[in-house]
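Residue numbers (the UniProt record's numbering): 1 to 405.
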């Protein structure tokens, strides 16, 4: 591979923003990809994948390059040289790469790879937390979460079917494969910009990980029901629910962030999802008005996001120990407060994209001991590990509210 100066500078500039300015990697990369209109798909792919790679292996590369926080531009060039060396890419004759110790880099890699927290490039506290909660499973799970996430699409059944979508994508240059365990899913055989396709613009699909596609079906919705998505965000699972309801019934999307619900509305128009009503949670009245009214409730709770590190590797460096405790308090509050919207005989799914039992099974156990929780019983629950599925880590629990009759 021959390195192009303008592409490498785009990577270095992006990493400065991510590491030193607290910017989110996906937002930075999206901006960087618009930097030069002359770039082709390979150029954009190099910028995106190289940036994510160095973010993912930040600690390991920094240790090998012998740099420490705060990481300046010179340090980043040293880390980039490490990335090149480990990838077997010949360093060009640029000033930034003068006197790069190639042999030492390989030796340091072999040495440091013997220690898990360095080999898997993760903060000490997070490695300790994962081992405490997952035990022997942590090793293989962490390794799986450090792999590049596949690109999976969800067929929008309101507008098309799986085979028709597959054929349409082939015409636009994107080969996909079916996933047997996921009836609406297609996985890209090669990464590409599917957002530029007519199929996407016409609302025939959404990009949604295979594990995430399991949540909406878990809620067991039917057309004509009143369904509430209590933490809807930009609406990935809301749109899936709308399709499962065949646009019939009432689907109420709630969130504390109005801007996210605005994005949901835009996506719903493209998807042809007409039964969605958005409501911003700007006071306790919003929830109280819906008490005992929902046939189905989805609480896709905010969490540490440890199950989706493969697609959000910068989360490793943004998470802090105190956040884990705070988010668990929030999760319990949501379970207690939002569960009141379920009517007797109705069902509720509590879901997270975390793999920590303390955010999942333990939260449900705690909830069932509260006054509100005593009205519910578990129908089924499922933990999805990335190491076993090949996709994101998730947890979901279906609970039924006891019928007072």
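Note that the Cβ used here is the ideal one computed from N, Cα and C, for glycine as well.
TODO: Keeping to the same chain, check which residues put their C-beta closer than 8 Å to that of residue 403; ignore five residues upstream and five downstream.
DONE: Mapped onto the chain shown, residue 403 falls at position 403. Around residue 403: 344, 345.
- [ ] Would you check if the region 261 to 275 and the region 149 to 163 touch, i.e. whether three or more CB-CB distances between them fall below 8 Å?
- [x] yes
Open item on the list: Could you tell me the alpha carbon to alpha carbon distance between residue 133 and residue 369, rounded to whole angstroms?
Closed with: Here the question's residue 133 lines up with position 133 in the chain shown. Here the question's residue 369 lines up with position 369 in the chain shown. Residue 133 and residue 369: Cα-Cα distance of roughly 22 Å.
Task: Rounded straight-line distance, which links the Cα of residue 219 to that of residue 18 - done: Within the chain shown, residue 18 is the residue found at index 18, counting from 1. Within the chain shown, residue 219 is the residue found at index 219, counting from 1. Those two C-alpha atoms are separated by around 37 Å.
TODO: Might you give, ordered along the chain, the residues of its own chain that have their beta carbon closer than 7 Å to the beta carbon of residue 67, omitting 5 neighbours on each side?
DONE: Position 67 of the chain shown holds residue 67. Cβ neighbours of residue 67 beyond the five flanking positions: 75, 78, 79.
- [ ] Would you give the residue range spanned by the alpha helix (DSSP H) that residue 421 belongs to?
- [x] Any answer about residue 421 is impossible in this case: the structure gives the chain only from 1 up to 405.
Open item on the list: Quick test of your reading: residue 210 and residue 185, contact by CB under 8 Å. State the CB separation rounded to the nearest angstrom.
Closed with: The residue labelled residue 210 in the question sits at position 210 within the chain shown. The residue labelled residue 185 in the question sits at position 185 within the chain shown. Between residue 185 and residue 210 the Cβ distance is about 5 Å, and since that is below 8 Å, they are a contact.
- [ ] Enumerate, from N- to C-terminal direction, the unbroken beta strand (DSSP E) stretches of 3 or more residues contained entirely within the region 200 to 283.
- [x] Listed in chain order, the complete beta strand (DSSP E) runs (minimum 3 residues) inside the region 200 to 283 are 205 to 207, 226 to 229, 250 to 255, 276 to 280.
- [ ] Could you tell me the boundaries of the beta strand (DSSP E) in which residue 345 lies?
- [x] As a position in the chain shown, residue 345 is number 345, starting the count at 1. Run containing residue 345: 342 to 352, per the beta strand (DSSP E) assignment.
Task: Within the region 77 to 143, ranges of the beta strand (DSSP E) (whole runs, at least 3 residues) - done: Fully enclosed beta strand (DSSP E) runs of 3 or longer: not present.
Task: C-beta contact flag for residue 336 and residue 372 at 7 Å - done: Within the chain shown, residue 336 is the residue found at index 336, counting from 1. Within the chain shown, residue 372 is the residue found at index 372, counting from 1. Yes.
TODO: On a CA-only basis, which of 259, 262, 294 is nearest residue 252? Give me that one, please.
DONE: Walking along the chain shown from the start, residue 252 turns up at place 252. If we check each option's Cα against that of residue 252, 294 comes out closest.
Task: Nearest-angstrom Cα separation, counted from residue 331 out to residue 359 - done: By 1-based counting over the chain shown, the position of residue 359 is 359. By 1-based counting over the chain shown, the position of residue 331 is 331. Those two C-alpha atoms are separated by around 8 Å.
Task: Three-state secondary structure assigned by DSSP to residue 20 - done: The residue given as residue 20 occupies position 20 in the chain shown. Of the three classes helix, strand and coil, the one that applies to residue 20 here is helix, per DSSP.
TODO: Determine the burial state of residue 203: buried for a count of at least 16 other Cβ atoms within 10 Å of its Cβ, exposed for fewer.
DONE: Stepping through the chain shown from its first residue, residue 203 is reached at position 203. It counts as buried.
Task: Beta-bridge pairing of residue 408 - partner residues as DSSP gives them - done: Outside the displayed span of the chain (1 to 405) sits residue 408, for which this structure offers no information.
- [ ] Report all residues from its chain with a CB closer than 6 Å to the CB of residue 32; omit the five preceding and five following residues, and keep chain order.
- [x] Walking along the chain shown from the start, residue 32 turns up at place 32. Closer than 6 Å at Cβ, skipping near neighbours: 10, 14, 47.
- [ ] In the DSSP assignment, find the unbroken beta strand (DSSP E) run with residue 299 in it and report its ends.
- [x] Residue 299 sits at position 299 when you count from the first residue of the chain shown. First-last of the beta strand (DSSP E) with residue 299: 294 to 300.
Task: Delimiting residues of the alpha helix (DSSP H) encompassing residue 323 - done: Stepping through the chain shown from its first residue, residue 323 is reached at position 323. Start and end: 321 to 338.
TODO: For my contact list, residue 384 and residue 141 are in at a C-beta cut-off of 8 Å; report their separation, rounded to the angstrom.
DONE: Within the chain shown, residue 384 is the residue found at index 384, counting from 1. Within the chain shown, residue 141 is the residue found at index 141, counting from 1. So it is not a contact: roughly 11 Å between Cβ atoms.
Open item on the list: For a quick check, are the C-beta atoms of residue 238 and residue 229 less than 7 Å apart?
Closed with: On the chain shown, residue 238 is found 238 positions in, with the first residue counted as 1. On the chain shown, residue 229 is found 229 positions in, with the first residue counted as 1. Taking 7 Å as the Cβ cut-off, residue 238 and residue 229 qualify as a contacting pair.
Open item on the list: If I measure Cβ to Cβ from residue 234 and keep anything under 6 Å in the same chain, skipping five residues before and after, which residues do I get?
Closed with: What you label residue 234 is simply residue 234 of the chain shown in a count that begins at 1. Counting only Cβ-Cβ distances below 6 Å, and skipping sequence neighbours, we find 260, 263, 264.
Task: the region 297 to 308 in contact with the region 35 to 47 per 3-pair CB rule at 8 Å - done: At 8 Å Cβ cutoff, the stretches do not touch.
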